[in-house]
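Q: Structure incoming, see below.
2 protein chains.
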Amino acid sequence: MYIGIDLGGTNIAVGLVDEDGKIIKKDSAPTRRERGYEEIVRDMASLARCVTRESGHSMSEVKAIGIGSPGTVDNSRGMVVYANNLKMDHAPIAAEMRKYFDLPVNLENDANAAAYGEYIATGKNASSFVFMTLGTGVGGGIILDGKIYRGFNGAGAEIGHTTIVMGGKKCSCGRRGCLEMYASVTALKALTEESRKRYPRSLINDWARRRGHVSGRTAFECAKEGDEAARLVKEQYIRSVAVGVCNMINIFQPEIFVIGGGISREGDELLVPIREYVDKNDYNKHMPKTEIRIAKLYNDAGIVGAALAAKREDK
Amino acid sequence: MYIGIDLGGTNIAVGLVDEDGKIIKKDSAPTRRERGYEEIVRDMASLARCVTRESGHSMSEVKAIGIGSPGTVDNSRGMVVYANNLKMDHAPIAAEMRKYFDLPVNLENDANAAAYGEYIATGKNASSFVFMTLGTGVGGGIILDGKIYRGFNGAGAEIGHTTIVMGGKKCSCGRRGCLEMYASVTALKALTEESRKRYPRSLINDWARRRGHVSGRTAFECAKEGDEAARLVKEQYIRSVAVGVCNMINIFQPEIFVIGGGISREGDELLVPIREYVDKNDYNKHMPKTEIRIAKLYNDAGIVGAALAAKREDK
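Protein chains in written order, with the working numbering: chain C, 435 to 749; chain S, 435 to 749.
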C-alpha cells in the first residue's frame, strides 16, 4: 500500500491507498501555510502514521509516499520550487519527508497528481489522456503512454493559462484572456453576480438572498427551475469550457478527456453540451473521436493520484 | 539513403536524402490534384527513380521511402484518410507505392513530417519539441521523446485550430477565432490589405501598386522603411503569433520551439518580439525556459522530415 498526500493552501489531506487506488483511510489537518515547510511536513508525517495505525496497518507495509503540491514542482529533485499560496521557495519536501520514513517519496504538481488518479480510475490504460479541472482556477494534467507529461522543466500542462480571448480579462498570471478567466468556478461566480445585478427579478437573486452569496451551483440550479437569466449564465459558462476542451482536443486528440473539479458534479448538465460543441467543432472529422467524461474521484483525486504516481515511480 | 516525398496541393517534391538528412538531389512535378491517387503515386515513383539515377545512385541503396501528405493521415495503415485539397478519400498511398518498390513506406501528415525534419535539424535530441508553421494556414507538429506525437487517432497537433479569440473570425474549420485566422500569412495579407485601404498614403500602397498585390513581406519591408501603418500591421500580426506560441509553451513547456513557414525568413524581425512576449507572459517563472528558434530547413523540411521519419520507422 501507499501513502497519498494532497497538500493544499487550506488543508493537508492524507490517505492510505491500496494497490488498486482505493482509499483505505484518510484524514486531514489545516495547512496553516504561514508556517515553514518543516512543520508542514511534520504534520504530513504524523497524519500518515495516524491513518496507517487507525486502519490496522503498519508503516512497514507502505511501499512509497506520494505528495501532490500546488505551484512549480521539480519532480526529479523532490522540491517545491515555488508555490505562491504556500509561501514555499525551493522547499526540499521529499528530503524532509525522508527524515521521518525510509521510503521512496515522489513529489508531483497537484493537478498532475489528480490527473494521474483520474487516468487510472478510467481503467482504460489510454495511450493519451487529458484532464481539466475547473475550480478556483483551471488546472490540467496530461498523461501520455501512461506517464505524467511535465515538459522539459516540469512546468507544463498549464492549460488554464492559454489565451482564448486575445486582449480579454486580465489574469493573475499577467496575460489577458486566459481560459481560467472564463472557465473557472471563480469566473462562473462572477458571471452569476453580474447577472444578479442585471436581472434583479431573476431567481438568482432569491437564491443568493437566501444563502447570502452565489456559488458555482447557483446558475445550474436556477436554470433547472426555468430561470432565463440563469440559463444564459450557464450557457455562456459552458461555452467557454467547451472552447477550452475543444482546443485541447485539437492539439492532443487524446483517447480520453476528463473534466474534474467541483462543478463536474453537475454531470450531464455540463457534459452533454460540451460533447455537442466538440462533436460539431473538433477539427477531426474522419477518425475516431475522443471520449469526454466527467471525473470519478472528485476531491479524492489528489490523494489517490499522488499515491499511484508514487507507486508508478517505485517500479 | 532514403527517399523523402513532400506531396502538396500544387507540387510533388521528391528528394534523395542521406543518413544525416542532407538532400543529395531533388526534383518536382505538378500534382495535378484532379487525378486519382494512382497516377499521383506513379509520378512520385518516377521522380524517386529520377533523383536517384541522376545523382549517380541506385534504388537498391535506398532503405525506405517517406511521404508527407496534407490532410488526415492514418500512419499505421499508410492511408490518406481525407485530404480536401488533394481530393483523396481513404487513398492507400503506401500500398500503392509498394507496387513500384519493395521498400518500407512511411506516410505522415505533412506538418508532422516537417516538424520531424526541423527537430532533427536542431541537432539537439530535445526531449520535447513543438513546431509551428506559418503559411496559408497555421500547422503544427509535436515531437516527444524523439517520436512524432499524433494523438490516438493520428489527427493531433492541429495547433492552428485552437481558439484565441472566442467569437472571433470565422475559420474554414467551422469554428470562430482560430489561431490560423490571426497568425497565418493569409491573415497577415488580409491585415495588410485593410491597412492599405485605411491609410491610402502609406508606403504599403506604393509597394502594392508597384507589384500589383500585397504579400506576407509587404508590412515587414515597409516597416523597415519607417512606415507607421506597416509597423502597426507587423506588430498586430506578431502579437497574434506570440499569443499562439505562448499558449503552446504553457501547455508543453517544450525544450525547443521552432517557428517555420515562409514568414520565418524574416528572422529576428519576427523572433525577437516573440521571445520578448513569451519571456514576459510565459506561466513558468521559476524553471529553465523554452528555447525559441526559427526553422532551418524552410521548404526542404517536408522532404527531409518525410525521409527521416521513414528512417526512424525503419529501425
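All C-beta atoms, glycine included, are put in the ideal place defined by N, C-alpha and C.
(1) Which chain C residues sit within Cβ distance under 7 Å of Arg609 (chain S)?
(2) Have a look at Ala642 (chain C) and Thr570 (chain C) and give me their C-alpha separation to the nearest angstrom.
(3) Kindly say whether Val599 (chain C), judged by its beta-carbon, lies nearer than 8 Å to any beta-carbon of chain S.
(4) Could you have a look at Ser698 (chain S) and say whether DSSP puts it in helix, strand or coil?
(5) Report the rounded CA-to-CA distance for Asn639 (chain S) versus Phe565 (chain S), giving the unit in angstroms.
(6) What are the complete beta strand (DSSP E) segments, minimum 3 residues, inside the region 516-554 of chain S?
(7) May I ask you to list the residues that DSSP assigns as paired with Phe563 (chain S)?
(8) Which first and last residues belong to the beta strand (DSSP E) in which Thr506 (chain C) is found?
(9) According to DSSP, is Cys656 (chain S) part of a helix, a strand, or is it coil?
(10) Can you grab the Cα-Cα spacing for the pair Ala498 (chain C) / Lys533 (chain C), in whole Å?
(11) Can you pull the chain S residues whose beta carbon is under 9 Å from the beta carbon of Val692 (chain C), in chain order?
(12) Is Thr570 (chain C) close to chain S, meaning its C-beta is less than 8 Å from at least one C-beta of that chain?
(13) Going by the beta-carbon positions, is the gap between Ser649 (chain S) and Lys623 (chain S) smaller than 8 Å?
(14) How many Å lie between Tyr550 (chain S) and Ala529 (chain C) at the Cα?
(15) Between the Cα of Pro734 (chain S) and those of S:Gly512, S:Ser489, S:Ala547, spot the shortest distance and give me the residue it belongs to.
(16) Compute the Euclidean distance between the alpha carbons of Arg673 (chain C) and Ala744 (chain S), then round it to the nearest angstrom.
(17) Which one or two residues does DSSP pair with Lys459 (chain C) in a beta bridge?
(18) Quick one: residues in its chain with C-beta nearer than 7 Å to the C-beta of Phe654 (chain C), no 5 flanking neighbours on either side, listed in chain order?
(19) What does Ala591 (chain S) reach in chain C if we use C-beta pairs closer than 7 Å?
(20) Below 8 Å on the Cβ atoms is my guess for Gly425 (chain S) versus Ala545 (chain S); work out the distance and round it to an integer in Å.
(21) Between which two residues does the beta strand (DSSP E) containing Leu441 (chain C) stretch?
(22) Tell me, please, whether the region 446-457 of chain C touches the region 509-521 of chain C by the rule of three or more beta-carbon pairs shorter than 8 Å.
(23) Determine, using beta carbons only, whether Thr596 (chain S) comes closer than 8 Å to chain C.
(24) Please report whether the beta-carbon of Val675 (chain C) lies at a distance below 8 Å from any beta-carbon of chain S.
(25) Hey, out of S:Ser510, S:Leu450, S:Ala740, S:Asp523, whose CA is closest to His491 (chain S)'s CA?
(26) Which whole-angstrom value describes the C-beta separation of Ser636 (chain C) and Ala663 (chain C), a residue pair presumed to lie in contact below a C-beta threshold of 8 Å?
(27) Can you list the residues of chain S that Gly502 (chain C) reaches, using a CB-CB cut of under 8 Å?
(28) Determine whether the beta carbon atoms of Gly500 (chain S) and Thr465 (chain S) lie at a separation below 8 Å.
(29) The alpha helix (DSSP H) that contains Ile499 (chain C), what's its start and end?
(30) My output table needs one value for Pro464 (chain C): the three-state DSSP class, helix, strand or coil.
(31) Please look up how many angstroms separate the CB atoms of Lys684 (chain C) and Asp716 (chain C), rounded, as I've assumed it's under 8 Å.
(32) With distances taken from CA atoms, which of C:Gly739, C:Gln670, C:Gly588, C:Thr724 is nearest Ala447 (chain C)?
(33) I want to verify the contact list: residues of chain C whose CB lies under 7 Å from the CB of Glu689 (chain S), in sequence order.
(34) Do you know whose CA, among C:Glu628, C:Pro688, C:Tyr471, C:Leu441, lies nearest Leu666 (chain C)'s CA?
(35) Give me the residue from S:Gly502, S:Pro722, S:Phe535, S:Ile437 with the minimum Cα distance to Ser489 (chain S).
(36) Quick one: which residues of the region 504-536 of chain S get their C-beta closer than 7 Å to a C-beta of chain C? List them in chain order.
A: To lay it out plainly:
(1) Residue mapping note: residue 609 (chain S) aligns to position 175 of the second sequence, counting from 1. The answer, in chain order, is Asn715.
(2) Within the first sequence, residue 642 (chain C) is the residue found at index 208, counting from 1. Within the first sequence, residue 570 (chain C) is the residue found at index 136, counting from 1. Near 19 Å, if we compare the C-alpha coordinates of Thr570 (chain C) and Ala642 (chain C).
(3) Counting from one through the first sequence, the residue named residue 599 (chain C) turns up at place 165. Closer than 8 Å: yes.
(4) By 1-based counting over the second sequence, the position of residue 698 (chain S) is 264. Ser698 (chain S) falls in the helix class under three-state DSSP.
(5) Translated into positions along the second sequence, residue 639 (chain S) becomes position 205. Translated into positions along the second sequence, residue 565 (chain S) becomes position 131. Spanning the two alpha carbons is a distance of roughly 33 Å.
(6) Counting whole runs of 3 or more residues, the region 516-554 of chain S contains the beta strand (DSSP E) stretches 522-525, 539-543.
(7) Here residue 563 (chain S) refers to the residue found at position 129 when the second sequence is read from its first residue. Note: Phe563 (chain S) is bridge-paired with S:Ile577, S:Ile690 in the DSSP secondary-structure output.
(8) Reading the first sequence from its first residue, position 72 is the one you call residue 506 (chain C). In the DSSP assignment, Thr506 (chain C) falls within the unbroken beta strand (DSSP E) covering 506-508.
(9) In the second sequence, residue 656 (chain S) corresponds to position 222, counting from 1. Looking at Cys656 (chain S) - three-state DSSP - the assignment turns out to be helix.
(10) What you label residue 498 (chain C) is simply residue 64 of the first sequence in a count that begins at 1. What you label residue 533 (chain C) is simply residue 99 of the first sequence in a count that begins at 1. Rounded to the nearest whole angstrom, the C-alpha separation of Ala498 (chain C) and Lys533 (chain C) is 14 Å.
(11) Taking the first sequence and counting its residues from 1, one reaches residue 692 (chain C) at position 258. Correct list: empty, because the minimum Cβ distance to chain S is about 14 Å.
(12) Numbered from its first residue, the first sequence carries residue 570 (chain C) at position 136. No, Thr570 (chain C) does not count as interfacial toward chain S.
(13) Taking the first residue of the second sequence as 1, we reach residue 649 (chain S) at position 215. Taking the first residue of the second sequence as 1, we reach residue 623 (chain S) at position 189. Cβ distance < 8 Å, so Ser649 (chain S) and Lys623 (chain S) count as in contact.
(14) Here residue 550 (chain S) corresponds to residue number 116 of the second sequence, with the count starting at 1. Here residue 529 (chain C) corresponds to residue number 95 of the first sequence, with the count starting at 1. Those two C-alpha atoms are separated by around 39 Å.
(15) Sequence index remark: in the second sequence, residue 734 (chain S) carries index 300 (1-based). Correcting the residue identity first, residue 734 (chain S) is Asp in this sequence and not Pro. Residue nearest to Asp734 (chain S) within the set S:Gly512, S:Ser489, S:Ala547 is S:Ala547 (criterion: CA-CA distance).
(16) On the first sequence, residue 673 (chain C) is found 239 positions in, with the first residue counted as 1. On the second sequence, residue 744 (chain S) is found 310 positions in, with the first residue counted as 1. C-alpha separation (whole angstroms): 41 Å.
(17) Position 25 of the first sequence, counted from the first residue, corresponds to residue 459 (chain C). DSSP lists C:Leu450 as partners of Lys459 (chain C).
(18) Within the first sequence, residue 654 (chain C) is the residue found at index 220, counting from 1. Within the same chain, Phe654 (chain C) has close Cβ partners Lys668, Glu700, Glu703.
(19) As a working note, residue 591 (chain S) is residue 157 in the second sequence. Under the 7 Å cutoff, chain C gives Ile685.
(20) The question about residue 425 (chain S) has no answer here: the residues shown for chain S are numbered 435 through 749.
(21) Along the first sequence, read from residue 1 onward, the residue named residue 441 (chain C) stands at position 7. Residues 436-441.
(22) Contact fails between the region 446-457 of chain C and the region 509-521 of chain C, because fewer than three Cβ pairs, one in each stretch, are under 8 Å apart.
(23) The residue you call residue 596 (chain S) lines up with position 162 of the second sequence. So, interface residue.
(24) Counted from its first residue, the first sequence places residue 675 (chain C) at position 241. With 8 Å as the cut-off, Val675 (chain C) does not count as an interface residue toward chain S.
(25) For the purposes of this step, residue 491 (chain S) is taken as the residue at position 57 of the second sequence. With distances taken between Cα atoms, His491 (chain S) lies closest to S:Leu450.
(26) Working through the first sequence from its first residue, we reach residue 636 (chain C) at position 202. Working through the first sequence from its first residue, we reach residue 663 (chain C) at position 229. Confirmed, about 4 Å.
(27) As a working mapping, residue 502 (chain C) is identified with position 68 in the first sequence. Identification of chain S residues near Gly502 (chain C) by a Cβ-Cβ cut-off of 8 Å yields none; the smallest Cβ-Cβ distance measures about 18 Å.
(28) Numbered from 1 along the second sequence, position 66 holds the residue referred to as residue 500 (chain S). Numbered from 1 along the second sequence, position 31 holds the residue referred to as residue 465 (chain S). 8 Å or more divides the Cβ of Gly500 (chain S) from the Cβ of Thr465 (chain S).
(29) For this step, residue 499 (chain C) is matched to residue 65 along the first sequence. Premise fails: Ile499 (chain C) lies in the beta strand (DSSP E), 498-503, not in any alpha helix (DSSP H).
(30) Residue numbering aside, residue 464 (chain C) sits at position 30 when the first sequence is read from its first letter. Note: Pro464 (chain C) maps to strand in three-state DSSP.
(31) Mapped onto the first sequence, residue 684 (chain C) falls at position 250. Mapped onto the first sequence, residue 716 (chain C) falls at position 282. For the record, residue 684 (chain C) in the displayed sequence is Asn; it is not Lys. The Cβ separation is near 7 Å, so the contact holds.
(32) What you label residue 447 (chain C) is simply residue 13 of the first sequence in a count that begins at 1. Nearest to Ala447 (chain C) by alpha-carbon distance, out of C:Gly739, C:Gln670, C:Gly588, C:Thr724, is C:Gly739.
(33) Start at 1 with the first residue of the second sequence, and residue 689 (chain S) comes out as number 255. Those within 7 Å of Glu689 (chain S) in chain C are Phe586.
(34) If you number the first sequence from 1, residue 666 (chain C) lands on position 232. When each option's Cα is compared against that of Leu666 (chain C), the closest is C:Glu628.
(35) Here residue 489 (chain S) corresponds to residue number 55 of the second sequence, with the count starting at 1. Closest in alpha carbon position to Ser489 (chain S), among S:Gly502, S:Pro722, S:Phe535, S:Ile437, is S:Ile437.
(36) Answer set for the region 504-536 of chain S: Thr506, Val515, Tyr516.
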